[in-house]
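The numbering of the sequence shown is our numbering, which starts it at 70 and goes up by one. Below is one structure, written out as structure tokens, with a few remarks after it.
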Amino acid sequence: MTVRVSRTFEFDAPAEDVWAFISDAEQRAGAISVVDTFEVHGEGRATWHVALPIPMIRSTISVETEEVEREPPTRVKFVGKSRAFRVTGEHTITETDGGCRLANEFVVDGRLPGVESFFERNFDAELDNLEDALRASLGPTA
């Protein structure tokens, strides 16, 4: 089973400011609650140590992430691979009158029982976390 979720955020902020956050692997990882720790390796690569509260997983899972497409300042797409799941995330920024729109899409393919159902139940909260972190980085005008 594959879990797919899309959500769009609207900001009263310049697209460049949103790009500064969303194109930064450290900031993206830091906004996700199940990312326990992470290391950024440079050149669009990072390792996320993910703690999923499901019975089959008793420790953190190392997820090797890599940007596969980067079109500054409007689009970044990454793929994360682990023994438990594969995730693809894509963020696209478009300018609007007075600000910008950020379209987010995530796809998770689980490899262990319980992974898809966890993400199905929790994706909305994780996207809320991402939006909250981005708005905090932009300050009170966003």
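Just so you know, even glycine gets a beta-carbon here, dropped at the ideal spot from N, CA and C.
- A direct Cα-Cα distance of roughly 30 Å separates VAL177 from THR165.
- Just so you know, the alpha carbons of GLY168 and ALA120 end up roughly 35 Å apart.
- Taken in chain order, the whole beta strand (DSSP E) runs of length 3 or more contained in the region 82-160 are 104-111, 114-119, 130-140, 144-150.
- Every unbroken stretch of the beta strand (DSSP E) spanning 3 or more residues and falling wholly within the region 155-209 is given here in chain order: 168-179.
- VAL145 is positioned such that its CB atom lies closer than 9 Å to that of GLU136.
- Taking the Cα positions, ALA205 is about 14 Å away from LEU196.
- Counting C-beta atoms within 10 angstroms of its own C-beta, HIS110 has fewer than 16 neighbours from the protein chains shown and is therefore classed as exposed.
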